[in-house]
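Chains as they are written, first to last, in my numbering: chain A, -9 to 315; chain B, -9 to 315. Heads up, the thing below is written out as structure tokens.
Number of protein chains: 2
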Amino acid sequence: MEQQSQKPYVIGLDLGGTNSVFGIVDARGEIKATTAIKTGSYAKAEDYVAACVEALQPIIDTVGGMDTIKAMGIGAPNANYYSGTIEMAPNLPWAHDCVVPLGKLFSERLDNIPVGLTNDANAAALGEMVYGVARGMKNFIVITLGTGVGSGIVVNGQLLYGSDGFAGELGHVIMRRENGRLCGCGRRGCLEAYCSATGVARTARELLATTQRPSLLREMNPEDITSLDVSIAAGKGDELANEIYQFTGHMLGEACADFAAFSSPEAFIFFGGMTKAGDLIMKPIEQAYNELVMPIFKGKAKFLVSGLDGAGAAVLGASAIGWEM
Amino acid sequence: MEQQSQKPYVIGLDLGGTNSVFGIVDARGEIKATTAIKTGSYAKAEDYVAACVEALQPIIDTVGGMDTIKAMGIGAPNANYYSGTIEMAPNLPWAHDCVVPLGKLFSERLDNIPVGLTNDANAAALGEMVYGVARGMKNFIVITLGTGVGSGIVVNGQLLYGSDGFAGELGHVIMRRENGRLCGCGRRGCLEAYCSATGVARTARELLATTQRPSLLREMNPEDITSLDVSIAAGKGDELANEIYQFTGHMLGEACADFAAFSSPEAFIFFGGMTKAGDLIMKPIEQAYNELVMPIFKGKAKFLVSGLDGAGAAVLGASAIGWEM
């Protein structure tokens, strides 16, 4: 036990559909070494893991070998913390139609160190707790604003996994119960359909198509508009673009008001590309929240942007699972 | 420690606006002795506690004195678990405009045993976990259907109190964002405004006023209709009354589908007078849930009615806090 707790590093793996990015991380969140491979070039999970371990070996050597590694954490789509598996992940050729015991496969090839998996939003929440703006907090919610809307919920200092490991899907609470937008999950009106980066672009296209209002965004092919374009236009004073972020932030604040009734968190922490819009998105969130939340919760919660460094954030989040093992 | 864990009883206090009901309860949930006093006959909290202890003394003696009592649990409105206080409770004359350290006041007069407080819905959740249908469960949600809609959320085997002790207000998530009914909390569209016993009566009055449809309920003065009357009419085959329960159950199922995205519970457990309507309310809840929930959660959650005995349920729930201390 004594020796175990002195091992100074964990491995973090940010397993995405395109790239698998590794980092060896110390307890302060410093990334000591990194490497990466392509995720999709393998038909079998065993081959993928073998390629990962081969890529890892040199960076493990640079920090002093496997004796310095306490554990490994993996942030991955469709990852189940309880079982250590990836289940039916549509974007992973070696896991799209099966259940892969990825934790076990890595552990077997890495001196049987503990290996933990969870989805990327949960990994982000652990990352904030271990290295980021949630240090010392016991009740908070991380909301990831990317292609989708994800969430990691911490209560009593523990990540909320629920009965099956799949708790914390706040991108899929229903915000519009009548005539809601179709969501990738097959239902209508989910938060994600409006407040993800793709949702923001969709709001832009809808407003451009249904109104005659002038906007810098009219100079673009509507299909090419991204949330970044909306943010840039808003930065130039474009009224319509500003309104799109107002609408998006307002709905996020509305959603957070419901989340408060659930777990009364100390803070809502926003993570991902869209947070680069800064006050443009954060101000309307906080404003709508305090306007709409139950009186008892008014003014209590903090609204924060992730404290993890952009480039390494996902690897840091993944590595944080390692410290929890 | 050894001795403490052998004390066989806890005191439970169901502190309501009208009555304060006490029970001495063993670990299997048997109520060994009970007593009660009127809650509101005291201007000062100290006097209320003195009267409680006076009423308790004889029943404590019947089970063998204070040496047999491990702890006390109190289920009360506006109770804060973290601080052991009752805060600004509008229906309690000795606590309506102040913060009363009720746990401390009882402990001082009862040989310094630990005393815990929480609201009645949280107490019900603990009661289900300790004595009821949630024994062995680590993730479940109790929803109380009474004058209001309350909830107690258990995650990882622990009650969810949140950052301030006030988590678990699921009666106040917003179900209708446009033209929602006014709720007692001052906002519009809350679950409670539709699915509490008073909400059901309100639905009945609305349907009677806005349609010409025949119903047994037309024989009553609309202002006198209660959820029990609707249930009785439905039992007699009244179509309108059936539709009211369909509507109510559907909205509860819709709400539970969102709650699943939050904590993915193993079961939803319904507690309180309205559950007496049985399948009339439970069937539409489960049906709407499985129709509307994210595919990943479909068919997983159980829908149960409280396993605690009606008359003693609230006292049992309160006593369960005692075992947690």
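Where is the CB? At the ideal position from N, CA and C, for every residue including glycine. Given the structure is predicted, the values throughout are model-derived calculations rather than measurements.
Original post:
What are the boundary residues of the beta strand (DSSP E) that includes Ile59(B)?
Top reply: First-last of the beta strand (DSSP E) with Ile59(B): 59 to 65.
Original post:
Do you know offhand how far Asn146(B)'s Cα is from Gly152(A)'s?
Top reply: In a straight line, the C-alpha of Asn146(B) is about 7 Å away from that of Gly152(A).
Original post:
Would you say Ala157(B) reaches chain A, if we count a Cβ-Cβ gap shorter than 8 Å as a contact?
Top reply: True, the Cβ-Cβ gap to chain A drops below 8 Å.
Original post:
From Cys173(B) to Glu314(B), what does the alpha carbon distance come to, in whole angstroms?
Top reply: C-alpha separation (whole angstroms): 33 Å.
**OP:** Could you tell me the distance, in whole angstroms, from the CA atom of Tyr235(B) to the CA atom of Asp228(A)?
**Re:** Tyr235(B) and Asp228(A) have their C-alpha atoms spaced approximately 49 Å apart.
Original post:
What first and last residue would you give for the alpha helix (DSSP H) that runs through Asp248(B)?
Top reply: 229 to 253 is the extent of the alpha helix (DSSP H) around Asp248(B).
Original post:
Looking at the structure shown, is Phe96(B) part of a helix, part of a strand, or coil, going by DSSP?
Top reply: It is helical.
Subject >> Exposed unless 16 or more other CB atoms sit within 10 angstroms - verdict on Glu36(A) >> reply: So Glu36(A) counts as exposed.
**OP:** Measure the alpha-carbon distance for Asn232(A) versus Gly179(A) and round it to whole angstroms.
**Re:** Approximately 22 Å between the Cα atoms of the pair.
**OP:** Mind listing the chain B neighbours of Pro285(A)? Cutoff is C-beta to C-beta under 9 Å, in chain order.
**Re:** Within chain B, Cys175, Gly176, Arg177 have C-beta atoms less than 9 Å from the C-beta of Pro285(A), given in sequence order.
**OP:** With DSSP as the reference, please indicate the residues paired to Ser141(A) in a beta bridge.
**Re:** Answer is Ile133(A).
**OP:** May I ask you to list the residues that DSSP assigns as paired with Arg178(B)?
**Re:** For Arg178(B), DSSP records a beta bridge to Leu172(B).
**OP:** Could you give the DSSP three-state label for Met(-9)(B): helix, strand or coil?
**Re:** Residue confidence for Met(-9)(B) is low, a pLDDT of 43 falling below 50, so the modelled location carries little weight; the figure read from the coordinates is stated next. Under the three-state reduction of DSSP, Met(-9)(B) is assigned to coil, being neither helix nor strand.
Original post:
Hey, is Gln(-6)(B)'s beta-carbon within less than 8 Å of any beta-carbon in chain A?
Top reply: Residue placement at Gln(-6)(B) is poorly supported in this model, since its pLDDT is 48, which falls under 50; the coordinates still yield a value, given next. By this cut-off, Gln(-6)(B) is not an interface position.
**OP:** Let me know the secondary structure DSSP gives Asp219(B) once reduced to three states.
**Re:** The answer is helix: DSSP assigns Asp219(B) an H, G or I state.
Original post:
So, helix, strand or coil for Ile49(B), using DSSP?
Top reply: Helix.
Subject >> the region 260 to 268 of chain A touching the region 83 to 91 of chain A, judged by at least three CB pairs closer than 8 Å >> reply: Under the 8 Å Cβ criterion, the region 260 to 268 of chain A does not count as touching the region 83 to 91 of chain A, having fewer than three qualifying pairs.
Original post:
For Tyr(-1)(B), which beta-bridge partners are listed by DSSP?
Top reply: According to DSSP, which records beta bridges pairwise, Tyr(-1)(B) is partnered with Asp16(B), Ile59(B).
Subject >> Neighbourhood of Gly61(A) by C-beta distance below 6 Å, restricted to the same chain and skipping five residues each side >> reply: Note that residue 61(A) is Ala in the sequence shown here, rather than Gly. If we look at Ala61(A) and ignore the five residues flanking it on each side, its Cβ neighbours are Val0, Ile103, Pro104, Gly312, Met315.
Subject >> Alpha-carbon spacing of Phe213(A) relative to Asn68(A), whole angstroms >> reply: The identity of residue 213(A) in the sequence shown is Glu, whereas the question assumes Phe. For Glu213(A) and Asn68(A), the distance between alpha carbons rounds to 29 Å.
**OP:** Would you mind working out which of Gly158(A), Phe252(A), Met56(A), Leu207(A) sits nearest Ala114(A), comparing C-alpha positions?
**Re:** The shortest C-alpha separation from Ala114(A) is found at Gly158(A).
**OP:** Leaving aside the five residues before and after Met160(B) along the sequence, list all residues of the same chain whose C-beta is less than 6 Å from its C-beta, in chain order.
**Re:** For clarity, residue 160(B) is Leu in the given sequence; the question names Met instead. Taken in chain order, the residues that qualify are Ser141.
**OP:** With a cut-off of 8 Å on the beta carbons, I'd call Tyr121(A) and Ala310(A) a contact; round off their distance for me.
**Re:** Correct: roughly 7 Å between the Cβ atoms.
Subject >> Three-pair Cβ contact test at 8 Å for the region 71 to 85 of chain B versus the region 275 to 284 of chain B >> reply: The region 71 to 85 of chain B, when compared against the region 275 to 284 of chain B, does not touch it at the 8 Å Cβ threshold.
**OP:** Output, in sequence order along the chain, the residues in the region 250 to 262 of chain B whose CB is closer than 9 Å to any CB in chain A.
**Re:** Flagged, chain order: Ala250, Ala251, Phe252, Ser253, Ser254, Pro255, Glu256, Ala257.
Subject >> Proximity of Ile49(B) and Thr75(B) at Cβ, strictly below 8 Å >> reply: Remark: C-beta atoms of Ile49(B) and Thr75(B) do not approach each other more closely than 8 Å.
Original post:
Among Phe96(A), Ala304(A), Ser10(A), Gly263(A), which residue has its Cα nearest to the Cα of Ser31(A)?
Top reply: Taking only the C-alpha atoms, the option nearest Ser31(A) is Ser10(A).
**OP:** Let me know the secondary structure DSSP gives Leu150(A) once reduced to three states.
**Re:** Three-state result, Leu150(A): coil.
Subject >> Buried/exposed call for Asp110(A), threshold 16 Cβ in 10 Å >> reply: Buried, because 16 or more other Cβ atoms sit within 10 Å of the Cβ of Asp110(A).
Subject >> Any C-beta of chain B under 8 Å from that of Ala310(A) >> reply: Under the Cβ distance rule, Ala310(A) does not count among the residues neighbouring chain B, no pair being separated by less than 8 Å.
Subject >> Distance between Gly63(B) and Gly106(B) (C-alpha atoms, nearest Å) >> reply: Looking at the backbone, the Cα of Gly106(B) and that of Gly63(B) are separated by about 5 Å.
Subject >> Residue-level contact to chain B via CB, Asn146(A), 8 Å cutoff >> reply: Closer than 8 Å to some Cβ of chain B, the Cβ of Asn146(A) qualifies, so yes.
**OP:** Identify whether Phe358(A) lies in helix, strand or coil by the three-state DSSP scheme.
**Re:** Since the first residue of chain A shown is -9 and the last is 315, residue 358(A) is not available in this structure.
Original post:
So is Gln(-6)(B) buried or exposed if we call it buried at 16+ other beta carbons inside 10 Å?
Top reply: Confidence at Gln(-6)(B) is low in this model, with a pLDDT of 48, below 50, so its placement is unreliable and no value can be given for it.
Original post:
Between Gly307(A) and Gly155(A), which are expected to be in contact by the criterion C-beta below 8 Å, what is the C-beta distance as a whole number of angstroms?
Top reply: Their Cβ separation, rounded to whole angstroms, is 17 Å, which puts Gly307(A) and Gly155(A) out of contact at 8 Å.
**OP:** Spell out whether any CB of chain B is found under 8 Å from the CB atom of Val89(A).
**Re:** It does not: the Cβ of Val89(A) has no partner Cβ on chain B nearer than 8 Å.
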